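Worksheet for the structure shown next.
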Amino acid sequence: MTLISTPRIGIAGITGRLGTLCAEEAGSALVGGLSRTADIQHNITTDPATLAKSCDVVIDVSHATTVPAHAAAFAQAGCAWVLGTTGLDQGAQDAVNAAAQHIPVLQAANFSPALTLFLELARQLGAGLPDYDAEILEVHHRQKLDAPSGTALAIGRAVAEGRGVNLEDVARTDQNGLRPDGAIGFASLRGGQIVGEHDLVLMAADEQITLSHRALDRRVFARGALLAARWLAGRPAGLYTMADALKR
47 MTLISTPRIG
57 IAGITGRLGT
67 LCAEEAGSAL
77 VGGLSRTADI
87 QHNITTDPAT
97 LAKSCDVVID
107 VSHATTVPAH
117 AAAFAQAGCA
127 WVLGTTGLDQ
137 GAQDAVNAAA
147 QHIPVLQAAN
157 FSPALTLFLE
167 LARQLGAGLP
177 DYDAEILEVH
187 HRQKLDAPSG
197 TALAIGRAVA
207 EGRGVNLEDV
217 ARTDQNGLRP
227 DGAIGFASLR
237 GGQIVGEHDL
247 VLMAADEQIT
257 LSHRALDRRV
267 FARGALLAAR
277 WLAGRPAGLY
287 TMADALKR
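Numbered according to this note's numbering, the sequence shown spans residues 47 to 294.
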């Protein structure tokens with residue numbers, strides 16, 4: 047393994063809100079971007095293969111529909127891939143897994159270091175309080191497309207892992223009717239320009255415990271993405287997480 051001390055960084059989704067912040071945080075390490083509209087003056091292309099050829103690592107904060115094409119292009123170019131896009135269907139996730147056989151891929155629903163540790167606590171609480179009702183509330187800005195958020199699903203998956211069950215078997219997004227035993231419930235609110243709020247509440251008849259995370263500035267995700275990119279460049283092929291990057 048030969049780590050790259052100053053990797054050349056590309057950003058897929060560079061004209062979006064998070065992509066713009068990632069570009070600012072990357073500074074002189076930024077070599078180009080990927081968007082739906084090309085901008086030769088600013089080294090922005092519409093072709094993932096063109097971007098990958100000039101980069102050591104790409105931070106991808108684009109759209110779920112682009113993931114299969116990006117997976118193929120980045121794997122072909124041998125470019126490390128930091129993937130923060132959520133809302134993937136099974137076909138897109140299969141493409142990510144296939145790419146990780148050839149290149150290092152760090153996939154994260156959330157790049158916040160604190161939220162990464164939140165997931166570990168959620169896993170411990172799921173294991174230690176298996177009979178408590180688990181509910182996850184997430185609140186985001188009105189433009190967010192997916193619900194529950196990728197981060198909320200990651201929290202639910204952590205609780206489920208702690209309990210030794212599959213989230214798909216116990217997830218409940220329809221909150222009408224009697225609450226089933228063992229369910230992990232999700233509630234989503236959308237409004238204003240809230241960056242991101244997540245609460246995990248575990249409730250018994252005689253007590254409850256709540257874990258909360260509030261993102262106060264979207265730049266925390268950009269800084270986390272850059273941390274992940276610098277950590278990932280030059281590592282062996284495989285599928286990594288933000289928790290791996292924080293072990294640095």
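Note that the Cβ used here is the ideal one computed from N, Cα and C, for glycine as well. Here the structure is a predicted model, which means the values were calculated and not measured.
Item                                                                                                                                                                                         : Value
Which of helix, strand or coil does DSSP assign to H109?                                                                                                                                     : coil
Exposed or buried, what is S108 when buried is set at 16 or more other beta-carbons lying within 10 Å of its beta-carbon?                                                                    : buried
Roughly how many angstroms separate the alpha carbons of V103 and A279, rounded to a whole number?                                                                                           : 6 Å
In chain order, what are the residue ranges of uninterrupted beta strand (DSSP E) at least 3 long that sit wholly in the segment 225-264?                                                    : 230-236, 242-249 and 254-261
Starting from I201, follow the alpha helix (DSSP H) in both directions and report where the run begins and ends.                                                                             : G196 to R209
Compute the beta-carbon to beta-carbon distance between A115 and A145, rounded to the nearest angstrom, for a pair I have assumed lies under 8 Å.                                            : Not confirmed; about 11 Å, so no contact.
Out of P53, G238 and L171, which one is the CA nearest neighbour of W127?                                                                                                                    : P53
Per DSSP, L285 is paired with what?                                                                                                                                                          : V151
Just to check, is the beta-carbon of D263 closer than 7 Å to a non-hydrogen atom of the ligand HEM?                                                                                          : Within the structure as shown, the ligand HEM is missing, as the structure has no ligands at all.
Work out the CA separation of Q122 and K99 for me, nearest whole Å.                                                                                                                          : 9 Å
Could you check the C-alpha separation between A307 and V113 for me, to the nearest Å?                                                                                                       : No answer is possible for residue 307: the residues shown for the chain start at 47 and end at 294.
Starting from the C-beta of G172, find all residues in its chain whose C-beta is less than 6 Å away, skip the five residues before and the five after it, and write them out in chain order. : V205, G208 and R209
Return the CA-CA distance between G73 and L292, expressed in angstroms with no decimal places.                                                                                               : 22 Å
By DSSP's criteria, T91 is part of a beta bridge. Which residues make up the other side?                                                                                                     : L80
Find the nearest neighbour of A180 within the set A250, E71 and T61, judged by alpha-carbon distance.                                                                                        : A250
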